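One structure is given here, and the rest of the page talks about it.
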Amino acid sequence: MMEATDFDLPILKLFEQARLPVESIDIQLCSGGGNNRTYKIKTQQGFFALKKYFTQPADRRNRLAAEFAFLTYAQSATVQQTPIPYCYDEEEGLALYEFIEGKPLRAVDIHDGEIGQAIAFFTALNQPLNTSKELLPMASEACFSLQAHLDLIEARINGLQQIVPVSSEDKEAMLLVRKLKTVWLDLVTDIQKSATASRLDFNLPLKQSLRCISPSDFGFHNALKMADCSLRFLDFEYAGWDDPAKMVGDFFAQLAVPVSEHYFDHFVEQVMQPFEYPEFLIQRASLLRGAYQVKWCCIALNVFIPMHMARRRFANPYLNEIEMKQNQLLKAEKLLKNLELYHYA
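Next up, the structure:
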């Protein structure tokens, strides 16, 4: 047995709890984590993934519990599309998972096959015969009425008022937020007019049979491609019950591995098929499409808010904060430009 450090001891206990006896462990911090720290654990039995979850009093979501519950459910709902969850230690904020050795995807890698696998994954999660999904929590920022969606995004825009103009990047972000607010007000007016014309009740919550199990933050930035070209999906700390329109909006607006708008109609038609009244759900997803582009502009600018930057620093102790802010500004500017072209065309 190796000499255990303070960090090794709870890890060894996890292996014991999972009935995976190990004589020694080698721990390597993985790069690329956005919110938490992920470690590659080498043992004589092979490799495992260890996740150390970020916690902060202002962030009330139990990320560990949400992700572990989702992955436990996904094991029964899908065929080898997610990591195996072994066990967790809530007090230490640690969870042990299968380590997936795959290749990250880029936007140029996304074709019909990848879209098809994403559709198949979501569809499998939402098969009506799987009753264990009733035990899952609400997704992070779950919304079930049109008004709730708009209120959520309005709150994100207002939250960006916390930016303190210390650096040139901070000042540039503040200017972008003002521009975003103007576009948002115009967009809200258009959404309200379209909803009224279609006789959609803005305050009526989506009934239970039309709600979905959402991976949340669903996209190819949270997937790895295996040698046989199959995809494995990762990172479900925000997962749970949600509105299918929100899942679609996030899927097409996420920033890291953008998905072409060319796939929008096909994707929406396919993912809504397991539900009652798919045409109604397609209509809502299309109506909220632009709103979620605004949301992701806000997400890109989150690094200018101290609480969010603290989470980034936790995930990556070597983070270059200035470079991170510059990169996120570019992403937000690009997304806002695309939104303006789409909205004012």
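Its first residue numbered 428, the sequence shown is counted upward by one per residue in my numbering. Heads up, the beta-carbon is just placed ideally off N, CA and C, and yes, glycines get one too. Quantities reported herein were computed from a predicted structural model and do not represent experimental measurements.
Item, Value
"Can you tell me whether Leu532 is helix, strand or coil according to DSSP?", "coil"
"Look up Arg659 in the DSSP assignment and say whether it is helix, strand or coil.", "strand"
"What residue range does the beta strand (DSSP E) around Arg605 cover?", "Here Arg605 belongs to no beta strand (DSSP E); instead the alpha helix (DSSP H) covers 595-624."
"Grab the span of the alpha helix (DSSP H) containing Pro512 for me, first residue to last.", "That residue, Pro512, is in no alpha helix (DSSP H); its beta strand (DSSP E) goes 512-516."
"When the Cα atoms are used, what is the spatial distance from Asp516 to Ser503?", "22 Å"
"Would you mind sorting Gln508 into buried or exposed? The rule is 16 or more other CB atoms within 10 Å of its CB.", "buried"
"Do you know how far the Cα of Ala600 is from the Cα of Gln588?", "10 Å"
"Using CA atoms only, rank isn't needed, just tell me which of Cys724, Trp723, Glu696, Val721 is closest to Ala712.", "Glu696"
"Quick one: what does DSSP say Gly520 is sitting in, helix, strand or coil?", "coil"
"For Ile732, collect the residues of the same chain with a Cβ closer than 8 Å to its Cβ; drop the 5 residues on either side in sequence, then sort them by chain order.", "Gly586, Leu587, Gln589, Ile590"
"Could you give the uninterrupted runs of the alpha helix (DSSP H) lying entirely in the region 689-735, keeping only those of 4 residues or more?", "691-698, 705-714, 716-727"
"How many Å lie between Ala575 and Leu714 at the Cα?", "14 Å"
"With DSSP run on the structure shown, which of helix, strand or coil describes Phe647?", "helix"
"Do Ala666 and Glu525 have their beta-carbon atoms positioned less than 8 Å apart in this structure?", "no"
"DSSP three-state call for Asp677: helix, strand or coil?", "helix"
"Could you name the residues of the same chain whose beta carbon sits closer than 8 Å to that of Ala431, not counting the 5 residues immediately before and after it, in chain order?", "Caution applies to Ala431, whose pLDDT of 42 falls short of 50 and renders its modelled position unreliable; the value that the coordinates give is listed next. Hits under 8 Å: Leu439."
"Can you find the residues in the same chain that come closer than 8 Å, C-beta to C-beta, to Ser636, ignoring five residues on each side of it along the sequence?", "Phe702, Glu703"
"Under a three-way DSSP split, which group does Glu664 fall into?", "coil"
"Helix, strand or coil for Met565? Go by DSSP, reduced to three states.", "strand"
"Taking Ala522 and Pro512 to be in contact with their CB atoms under 8 Å, please state how far apart those CB atoms are, rounded to whole angstroms.", "7 Å"
"Do you know offhand how far Met428's Cα is from Ile468's?", "Bear in mind that the predicted position of Met428 carries a pLDDT of just 36, short of 50, making it too unreliable to give a figure here."
"What's the C-alpha gap between Asp453 and Ala672?", "43 Å"
"Using a threshold of 8 Å, state whether the C-beta atoms of Ile527 and Val721 are closer than that.", "no"
"To which residues of the same chain is Leu762 closer than 8 Å at the C-beta, ignoring the five residues directly before and after it?", "Ala680, Leu682, Gln720, Trp723, Cys724, Ala727"
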